[in-house]
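Take the sequence shown: its letters are residues 3 to 243, numbered as in the numbering used here.
First the structure, in the form of structure tokens, and then the observations on it.
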Amino acid sequence: MPLPPALAAKLAKRGIIKNAELPTTKKATEPNVETEAQIAGGPTEEIIAESYDEGTAQPENGQVLSETPLPSQALEKVIPPYLGYSLCPNKWNVYHDCTQGCMEVWGRTPKALDREYERKRAKMLNKYPLPANWMEVLDPGIGRYYYWNCDNEFVSWLPPGHPKCSVSRSAADLRRVLHTERAQRLAAEAQERANASDDSDESSSTSSSSSSDSEDEHAHEKKKLKRKRSHSVEGSEEDSD
Numbered sequence: 003m004p005l006p007p008a009l010a011a012k013l014a015k016r017g018i019i020k021n022a023e024l025p026t027t028k029k030a031t032e033p034n035v036e037t038e039a040q041i042a043g044g045p046t047e048e049i050i051a052e053s054y055d056e057g058t059a060q061p062e063n064g065q066v067l068s069e070t071p072l073p074s075q076a077l078e079k080v081i082p083p084y085l086g087y088s089l090c091p092n093k094w095n096v097y098h099d100c101t102q103g104c105m106e107v108w109g110r111t112p113k114a115l116d117r118e119y120e121r122k123r124a125k126m127l128n129k130y131p132l133p134a135n136w137m138e139v140l141d142p143g144i145g146r147y148y149y150w151n152c153d154n155e156f157v158s159w160l161p162p163g164h165p166k167c168s169v170s171r172s173a174a175d176l177r178r179v180l181h182t183e184r185a186q187r188l189a190a191e192a193q194e195r196a197n198a199s200d201d202s203d204e205s206s207s208t209s210s211s212s213s214s215d216s217e218d219e220h221a222h223e224k225k226k227l228k229r230k231r232s233h234s235v236e237g238s239e240e241d242s243d
């Protein structure tokens, strides 16, 4: 069934489909495949899926990476903030921040899909078809499809109808939260240091002022004592006369 025009335009803008006038290039009969562990009935480790809903630029095959660092603006086009480099298999790790080094290590060629994986994926989707608001999206860095909820941006590595499916926020979304919390924590620590420095300066100024007042008072007492002694001497001289 073709996608609604509004949804197709939204997906095309995000780079998930190539043409907004055409339905998605991946049909509902070709979704994710059960892994060998799932078919064997064994436990499956659920990994946080990456989301490309902000439109990760897909590099062209055969391009040679520049050895010189890219300008920050050009680098952000290839490695969007929080999303990571599309061909880096570590981008699903929320504690990993992709850099130009990821481009140099993982190159420009997407990982080829395994035929056995494709067969299992088709079999799995036939058994657990996707709801209307879910789409499968290829992760070119690991050569595997994940599933994206178009309504709430949640993702999973298995179709939502699968008994072992674990739906979560995308790695990009969680990474954004981590970066925001880190920035807020660093700002709070900097503010605390600034306040502590101000308190120290104020205390030093108060101490210096108190010391100055004490010195002035001591000098004043010395002058009074000197005047008193002077009067006493004068009085003794008058008595002797």
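We put the CB at the ideal spot given by N, CA and C, even for glycine.
Mind checking who residue i pairs with in its DSSP beta bridge?
i    : result
S170 : V157
G146 : Rather than Gly, the amino acid found at residue 146 in this sequence is Arg. The partner list for R146 (beta bridge, DSSP) reads D141.
W94  : Paired residues: none, contrary to the question.
N255 : Lying before the first or after the last residue shown, residue 255 is absent from the chain, which here runs from 3 to 243.
Quick one: what's got a C-beta closer than 7 Å to residue i's C-beta in the same chain, skipping five residues either side?
i   : result
P6  : none
L9  : C152
C90 : C100, C104, W108 and G143
To the nearest angstrom, how far is the alpha carbon of residue i from that of residue j?
i    : j    : result
H220 : R231 : 17 Å
A192 : A185 : 11 Å
C100 : R178 : 13 Å
A173 : K122 : 25 Å
G86  : G103 : 12 Å
S168 : A124 : 19 Å
W150 : L127 : 14 Å
N197 : E183 : 21 Å
D200 : A190 : 15 Å
Within its chain, find whatever has a CB closer than 6 Å to the CB of residue i; leave out the 5 residues flanking it on each side and keep chain order.
i    : result
H98  : N92
E38  : Because the pLDDT at E38 is just 40, under 50, the model does not fix this residue reliably, and the point stays unresolved.
Q65  : Note that Q65 scores 40 on pLDDT, short of 50, meaning its location in the model is unreliable and no value can be drawn from it.
E36  : Because the pLDDT of E36 is 43, which lies under 50, any placement of that residue in the model is unreliable, and the number read from its coordinates should be weighed accordingly. Taken in chain order, the residues that qualify are K122 and M126.
E217 : none
E204 : none
Taking C-alpha atoms, which residue in the options lies nearest to residue i?
i    : options                   : result
V80  : W94, M105, N95 and V96    : M105
P133 : E217, L227, W94 and C152  : C152
P142 : A11, S199, S88 and D200   : S88
L13  : Y84, E155, W94 and Y130   : E155
P83  : L188, L176 and D218       : L176
K166 : W94, P112, K226 and Y130  : Y130
V96  : V157, L180, K226 and R229 : L180
> Between the stretch 160 to 180 and the stretch 132 to 146, do at least 3 Cβ pairs fall closer than 8 Å?
Replying inline: They touch, by the three-pair rule.
>> Check whether the stretch 108 to 118 and the stretch 144 to 151 are in contact - that is, three or more C-beta pairs closer than 8 Å.
In response: Counting Cβ pairs under 8 Å, three or more are found: they touch.
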